[in-house]
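K.L.:
Numbering (the working numbering), first residue to last: 630 to 811. Dropping a structure here in structure tokens format, bear with me for questions.
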Amino acid sequence: MPRIMKNQFIMKTKLLYVCLAFIAFTSCDELDELTEVDFNTTITEEVTINFSDQNTTFSETINIDFAGNSDIEPYLDRIEGIQITDASYRLSNYVGTANATGTATVTGAGETFGPFTHDFSADTQSMEEFALTGASKLNALESTLRNTNQLSVSINGAQDPAQNGEVTAIFTFRLTVTAQAL
């Protein structure tokens, strides 16, 4: 075989191997994407805050566990990513003095949201949602959920005047989950 043809053959062979390697790597990425599923789900948890006429402060904690969510539970060991698209709480079922006011902060994964100012009766009637915002704070919540499949969230605050009563805080987390397909 003449030398020029031999060099062309070697070049074409190398080019073929480079193309095959490129296709293999590209195909692996595409195959990985085909085996992933993205889905949206909403987690809603409630906690009753009890007020005491002996104490102006309150503190309650809820635990969010993916094992209790029928959308997420089948994918618990396959979760690759979580994005909180919306997080908020609202007040409901208030029982107490008509003009009672207060403040509340929400804490989760070491991050604090608020303080939020409340007129407990008016906020219950209006069903106003109080947004938990801040990209870095939500990222911390996402990271905790992704790493542990659960999250503890606390609501702490004060009431004025001190009274016996209660209100329910309803937390809503809207999520986009990426997981390996079943």
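For each residue, glycine too, the CB sits at the ideal point set by N, CA and C.
#1: Run through DSSP, which three-state label would Asp682 get?
#2: Can you name, in chain order, every residue of its own chain whose Cβ lies under 7 Å from the Cβ of Thr670, other than the five neighbours on each side?
#3: Can you tell me which residues form a DSSP beta bridge with Val689?
#4: Determine, using beta carbons only, whether Gln788 and Phe680 come nearer to each other than 9 Å.
#5: Quick one: what's got a C-beta closer than 7 Å to Gln792's C-beta in the same chain, skipping five residues either side?
#6: At 3 residues or longer, and completely inside the stretch 719 to 780: list those beta strand (DSSP E) runs for me, N to C.
#7: Counting pairs of Cβ atoms below 8 Å between the stretch 734 to 742 and the stretch 764 to 779, do you hit three or more?
#8: Phe749 and Leu720 look like a contact to me (Cβ under 8 Å); what is the Cβ gap, rounded to whole Å?
#9: DSSP puts Ser717 in a beta bridge; with which residues?
#10: Please return the same chain residues whose Cβ sits closer than 8 Å to the Cβ of Glu795, not counting the five positions on each side in sequence.
#11: So for Asp700, helix, strand or coil by DSSP?
#12: With a threshold of 8 Å (Cβ to nearest heavy atom), would Glu702 be considered close to the ligand NAD?
#13: Just how far apart, CA to CA, sit Ala810 and Tyr704?
#14: Using a 10 Å radius around the Cβ and a threshold of 16 neighbouring Cβ atoms, would you call Asn692 buried or exposed?
#15: By a C-beta neighbour count over all protein chains shown, 10 Å radius and 16 as the cutoff for buried, is Phe778 buried or exposed?
#16: Count the other CB atoms, across all protein chains shown, that sit within 10 Å of the CB of Ala808; report buried if there are 16 or more and exposed otherwise.
#17: Kindly indicate if chain C contains any beta-carbon less than 9 Å away from that of Phe695.
#18: Thinking just about the alpha-carbon of each residue, which of Asp752, Gly731, Asp706 is nearest to the one in Pro744?
P.N.:
Walking through what the data contain:
#1: Reading the sequence shown from its first residue, position 53 is the one you call residue 682. Asp682 falls in the coil class under three-state DSSP.
#2: On the sequence shown, position 41 is the one that residue 670 refers to. Around Thr670: Asn698, Asp700, Ile701, Leu804, Val806.
#3: Position 60 of the sequence shown, counted from the first residue, corresponds to residue 689. With the sequence shown as reference, residue 689 is identified as Glu, and Val is not the correct amino acid for it. Glu689 pairs with Ile784.
#4: If you number the sequence shown from 1, residue 788 lands on position 159. If you number the sequence shown from 1, residue 680 lands on position 51. Yes.
#5: What you label residue 792 is simply residue 163 of the sequence shown in a count that begins at 1. Closer than 7 Å at Cβ, skipping near neighbours: Phe680, Asp682, Gly725, Thr726, Ala729.
#6: 730 to 737, 740 to 748
#7: Touching, yes, given that three or more Cβ pairs across the two stretches are closer than 8 Å.
#8: Residue numbering aside, residue 749 sits at position 120 when the sequence shown is read from its first letter. Residue numbering aside, residue 720 sits at position 91 when the sequence shown is read from its first letter. That pair is a contact at about 6 Å.
#9: Reading the sequence shown from its first residue, position 88 is the one you call residue 717. For Ser717, which the question treats as bridged, DSSP gives the partners Ala760, Thr801.
#10: Translated into the one-based positions of the sequence shown, residue 795 becomes position 166. Within the same chain, and ignoring the five residues on either side of Glu795 in sequence, the residues whose Cβ sits closer than 8 Å to its Cβ are Thr677, Ile678, Asn679, Phe680, Asn722, Tyr723, Val724, Gly725.
#11: Translated into the one-based positions of the sequence shown, residue 700 becomes position 71. In this structure, Asp700 counts as coil in the three-state DSSP scheme.
#12: In the structure on display, the ligand NAD does not appear, and there are no ligands present to speak of.
#13: Counted from its first residue, the sequence shown places residue 810 at position 181. Counted from its first residue, the sequence shown places residue 704 at position 75. If I take the Cα positions, the gap works out to 8 Å.
#14: Position 63 of the sequence shown, counted from the first residue, corresponds to residue 692. Exposed, because fewer than 16 other Cβ atoms sit within 10 Å of the Cβ of Asn692.
#15: As a position in the sequence shown, residue 778 is number 149, starting the count at 1. Position check: residue 778 holds Asn in this sequence, whereas Phe was assumed. Taking all protein chains shown into account, Asn778 has 16 or more neighbouring C-beta atoms within 10 Å of its C-beta and is therefore buried.
#16: Working through the sequence shown from its first residue, we reach residue 808 at position 179. Ala808 comes out buried.
#17: Protein chain content of the structure displayed is limited to a single chain, and chain C is not contained in it.
#18: Here residue 744 refers to the residue found at position 115 of the sequence shown. Cα-wise, what sits closest to Pro744 is Gly731.
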